[in-house]
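Have a look at the structure below before the remarks.
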Amino acid sequence: MGIIGEFSELYLFPNGLFITIQLAITSLLGSLVLGTVIALFRIAPLVPLRWLGGGYVEFFRNTPLLVQLFFLYFATPYIGIYLGEPDTFGFRAAALGLTLYHAAYVAEIVRGGLLAVDKGQIEAARSLGLTYLGMLREVQLPQTFRAVIPPLGNIGIALVKNTSLAATIGVADLLFAGDIVESRTFRAEEAYAAVAILYLSLTIPLGILVNYLEKRMLVAR
Amino acid sequence: MIEFRDVHKHYGSLHVLNGIDLQVAEREVVVVIGPSGSGKSTLIRTINRLEPIESGTLVVNGTPVHDRKVDVNKLRRDVGMVFQSFNLFPHLTALQNVMLAPTKVKGIPRGTAREKGIALLTKVGIPEKADVHPVRLSGGQQQRVAIARALAMDPKVMLFDEPTSALDAEMIREVLDVMRDLAREGMTMIVVTHEVGFAREASNRVVFMDGGRIIEDSPTAQFFERPREERARQFLSRVIHH
Ligand SMILES: Nc1ncnc2c1ncn2[C@@H]1O[C@H](COP(=O)(O)OP(=O)(O)OP(=O)(O)O)[C@@H](O)[C@H]1O
Ligand SMILES: [Mg+2]
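Chains as they are written, first to last, in our numbering: chain A, 268 to 488; chain B, 398 to 639.
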C-alpha cells in the first residue's frame with residue numbers, strides 16, 4: 268500500500284504547505300523591509316549609520332543560517348528574550364531568523380541598485396527642492412526596485428527553500444510533514460518526493476511572477 | 398537677485414572658481430560662455446548649492462546660500478535647474494515628472510498640480526505627450542519636459558547648463574524657442590551655452606570664463622561686436638565659425 272493509501276497521514280501535507288507559505292511570506296516581507304533599511308544605512312550620508320549597516324551585513328552573511336536559527340530557538344530563553352508562547356515560539360524564531368539572514372542579502376542587492384541610479388537623477392530631484400528622504404522615496408528607491416527585481420527574485424526563491432530549516436526547530440512546515448509521513452509509513456522515497464514537488468509548486472510560480480514583473484517594469488523604464 | 402562676492406572653490410589643486418564676482422538682477426538673462434573646463438558648470442551649480450564653496454559669499458533672493466543655517470530645500474524651490482542630460486525621471490510619465498515637486502514639495506493638491514502640469518506642457522509645446530514615459534520622447538521633447546518640470550515650482554530664477562549640447566540641430570531650435578519665450582516673459586535666467594544666436598537675441602549680458610575666473614562681463618551687443626579681452630575674441634571666432 269503506497270502513500271496515497273495512508274489517508275490518515277495525508278492531511279499533514281496541506282497543513283505543512285500552509286505553514287511554509289506563511290513562513291515564506293512573513294520572512295520575505297520582513298527581509299525586504301529590513302534589507303532596504305540596512306541598504307539605506309549603508310549609503311547614508313552619516314558614517315556611523317554606514318558602519319552599522321556594514322556590520323549587520325557582515326555578521327548575518329558570514330554565519331550559517333542554521334546556527335542563527337538554533338540560537339534564536341534554543342538560546343534566547345536563557346538571555347531573557349521572549350519570542351512567544353510555546354505554541355508560537357518555533358514559528359516566530361524561524362520567521363525572525365529567516366528575516367534577519369535574508370535581509371543581509373537583500374541589503375547588498377538594494378545597495379547595489381541604489382548606487383547604480385544615475386547621479387543626475389538625484390541632482391534633478393534635489394534641485395527641485397525634494398529633501399534627501401523625499402528624493403529616496405520618489406526617485407532613487409522606485410528606480411532601484413525596478414532594476415533589482417531579478418536578483419531579489421533569486422533571494423525570494425532561496426528563502427522559500429531555506430524555510431525548510433524551520434523543521435529542525437520544530438516548526439510543522441512542509442518538510443516536517445514529510446518527516447512525519449515518512450516515519451509513520453516508512454515510505455521515504457514517496458514522502459520526500461512529494462515534499463520536493465510541493466516546494467516546486469511554490470518556487471516555480473514565484474520565478475514566473477518575477478519574470479512577469481521584470482518585463483512589466485522594462486516597459487515602463 | 399544673485400550676487401557672488403569673491404567666491405572660491407578648489408577641486409584638489411585645481412582652482413575651479415577663482416575669485417568670482419558676479420551680479421544678476423531680476424529679469425536679467427545672462428549667458429555664460431568659455432572653454433571646456435573653465436568652471437561654468439561649477440559656477441551655476443553653486444547657485445543652488447549642488448556644489449559647496451570654500452570662501453566668499455553668494456546671495457540668492459536675499460538668502461546667503463552657503464550659510465549653514467539656510468534650509469537648502471527651501472532655497473531650491475525658487476531656483477529651477479535644467480541639465481545637459483535632461484535627467485527626467487524614467488519611471489514617471491512626462492506629466493508625473495512635472496507634477497512631482499509641486500505635490501511632494503509644496504503639497505499642492507493633485508488636481509491643481511495636474512491642471513498646471515498640463516498648462517506647462519502646453520506652454521513647451523507637447524501637451525499630447527503628457528502620459529508618455531521619457532524613453533518614448535525625443536531629446537528635444539525630453540528637454541522641454543525638463544523645463545516644464547523646473548517651471549512647475551514657480552522659480553524666481555532658472556539655471557540652464559548647456560541645455561542643448563546633447564541635441565541635434567532640429568531639436569536645439571525647439572528648446573531654444575521655449576527658452577526665448579521665457580526670457581521674453583521676464584524670467585531671470587543664467588544660461589551656460591555656446592549658442593551664439595540665442596545669446597545675441599535673448600540675453601542682456603555675456604559672461605566669459607576661463608580658468609576659474611570671469612575674464613569679461615559685458616552687455617551682449619558689446620561682447621559680440623567688440624569684446625574687450627583677447628581670449629574672449631579668440632574663443633568667439635572659434636565658436637562662431639563652427
Ligand atoms: N567633482 C569633481 N572633482 C574633481 N574635479 C572636477 C569635478 N567637477 C569638475 N571638475 C573639474 O573642474 C573643472 C571645471 O569643471 P566644470 O564642469 O565647471 O567646467 P565647464 O566649464 O562646465 O566645462 P564644460 O564646458 O566641459 O562643461 C574641470 O577641469 C573639471 O575636470
Ligand atoms: Mg559644463
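In this text, a Cβ means the ideal position worked out from N, Cα and C, and glycines have one as well.
As the structure is a prediction and not an experimental result, all values here were calculated from the model.
What residue from the options has the CA that sits closest to residue i's CA?
i, options, result
"B:A498", "A:E352, A:V406, A:Y323, A:Y349", "A:V406"
"A:Q289", "A:D440, A:A444, A:P472, A:I447", "A:D440"
"B:H488", "A:G347, A:D385, A:I348", "A:D385"
"B:N458", "B:D475, B:R446, B:N470", "B:D475"
"B:H463", "B:F620, B:N470, B:P449, B:R473", "B:P449"
"A:S275", "A:A463, A:E456, A:T452", "A:T452"
"B:V572", "B:F632, B:P531, B:T585, B:I523", "B:I523"
"A:V300", "A:N429, A:T330, A:L432, A:L408", "A:L408"
"A:L467", "A:Y368, A:F356, A:P353, A:N429", "A:N429"
"B:D403", "B:R424, B:G453, B:R442", "B:G453"
"A:T411", "A:L332, A:L485, A:I292", "A:L485"
"B:V521", "B:T509, B:T500, B:A491", "B:A491"
"B:E598", "B:M576, B:V604, B:R630", "B:M576"
"B:Q619", "B:N601, B:S634, B:M496", "B:N601"
"B:E423", "B:P432, B:A629, B:G431, B:E400", "B:E400"
"A:G379", "A:G302, A:A444, A:L277, A:Y368", "A:G302"
"B:T443", "B:P624, B:M586, B:T590, B:L414", "B:L414"
"B:L411", "B:I430, B:E451, B:D551", "B:E451"
"A:T293", "A:A311, A:L363, A:V334, A:Y340", "A:L363"
"B:K501", "B:R628, B:M478, B:R546", "B:R546"
"A:V334", "A:L480, A:G322, A:L432", "A:L432"
"A:T366", "A:A460, A:I447, A:S298, A:R483", "A:S298"
"B:M478", "B:K406, B:T585, B:P432, B:H407", "B:T585"
"A:S282", "A:G445, A:A383, A:T355, A:I475", "Rather than Ser, the amino acid found at residue 282 of chain A in this sequence is Asn. Here the closest residue by C-alpha is A:G445."
"A:A332", "A:L307, A:V462, A:A425, A:T470", "First, the amino acid is wrong: residue 332 of chain A is Leu here, not Ala. It is A:A425 whose Cα lies nearest to the Cα of A:L332."
"B:S634", "B:L556, B:V532, B:P432", "B:P432"
"A:A291", "A:P353, A:V427, A:L307, A:L279", "A:V427"
Rounded to the nearest angstrom, how far is the Cβ of residue i from that of residue j, given a contact under 8 Å?
i, j, result
"B:D614", "B:L455", "At roughly 16 Å, the Cβ-Cβ gap does not stay under 8 Å, so B:D614 and B:L455 are not in contact."
"B:I640", "B:V593", "With chain B represented from 398 up to 639, any question about residue 640 of chain B goes unanswered, as that position is not in the structure."
"A:V324", "A:A374", "5 Å"
"A:G396", "B:N470", "5 Å"
"B:A549", "B:G504", "With a Cβ gap of about 13 Å, B:A549 and B:G504 do not count as contacting."
"A:M402", "A:R393", "6 Å"
"A:G357", "A:Y340", "7 Å"
"B:L518", "B:A527", "6 Å"
"B:V603", "B:I430", "6 Å"
"A:G423", "A:L295", "6 Å"
"B:V428", "B:A596", "4 Å"
"A:L381", "A:I310", "5 Å"
"B:L472", "B:R446", "7 Å"
DSSP puts residue i in a beta bridge; with which residues?
i, result
"B:Q420", "B:E400"
"B:G477", "B:M555"
"B:R602", "B:V427, B:P616"
"B:N415", "B:H405"
"B:L455", "B:F401"
"B:R610", "B:D607"
"B:P461", "B:V456"
"B:V589", "B:V429, B:D558"
Give the residues of chain C in contact with residue i, contact being defined as C-beta atoms less than 8 Å apart.
i, result
"B:K513", "In the structure shown, chain C cannot be found, because the protein chains are A and B."
Chain-ordered residues of the stretch 427-444 of chain B with a beta carbon less than 9 Å from chain A: R442
Which of the residues in the stretch 480-496 of chain B, read from start to end, lie with their CB under 7 Å from any CB of chain A? F480, S482, N484, F486, P487, H488
Measuring CB atoms only, is the stretch 413-423 of chain A touching the stretch 311-326 of chain A, in the sense that at least three cross pairs come out at less than 8 Å? With a cut-off of 8 Å on Cβ pairs, the stretch 413-423 of chain A is not in contact with the stretch 311-326 of chain A, counting fewer than three such pairs.
Three or more C-beta pairs closer than 8 Å, one from the stretch 470-487 of chain B and one from the stretch 556-569 of chain B: is that the case here? yes
Contact residues within the stretch 380-410 of chain A, judged by C-beta distance below 8 Å to chain B: D385, G387, Q388, E390, A391, A392, R393, S394, L395, G396, L397, T398, G401, E405, V406, P409, Q410
With 8 Å as the C-beta to C-beta threshold (strictly closer), list the residues of the stretch 548-560 of chain B near chain A in chain order. Cβ contacts with chain A: M550.
Assess, as a yes-or-no matter, whether the stretch 534-545 of chain B is touched by the stretch 560-580 of chain B under the definition of 3 or more beta carbon pairs within less than 8 Å. yes
Would you call the stretch 600-609 of chain B and the stretch 427-437 of chain B touching, i.e. three or more CB-CB distances under 8 Å? Yes, the stretch 600-609 of chain B touches the stretch 427-437 of chain B.
Where the stretch 445-462 of chain B meets chain A: residues whose CB sits under 8 Å from a CB there: N445, L447
Could you name the residues of the stretch 413-431 of chain A whose beta carbon sits closer than 8 Å to any beta carbon of chain B, in the order they occur along the chain? R413
Stretch pair the stretch 283-298 of chain A + the stretch 427-440 of chain A: three plus CB contacts closer than 8 Å: yes
Evaluate contact between the stretch 325-345 of chain A and the stretch 416-432 of chain B, counting only Cβ atoms and requiring at least three cross-stretch pairs below 8 Å. no
Using a Cβ-Cβ cut-off of less than 9 Å, list which residues of the stretch 575-606 of chain B approach chain A; keep chain order. For the stretch 575-606 of chain B, the set of positions with a beta-carbon nearer than 9 Å to some beta-carbon of chain A is empty.
Which of the residues in the stretch 498-511 of chain B, read from start to end, lie with their CB under 7 Å from any CB of chain A? Within the stretch 498-511 of chain B, the residues whose Cβ lies closer than 7 Å to any Cβ of chain A are, in chain order, A498, K501, V502.
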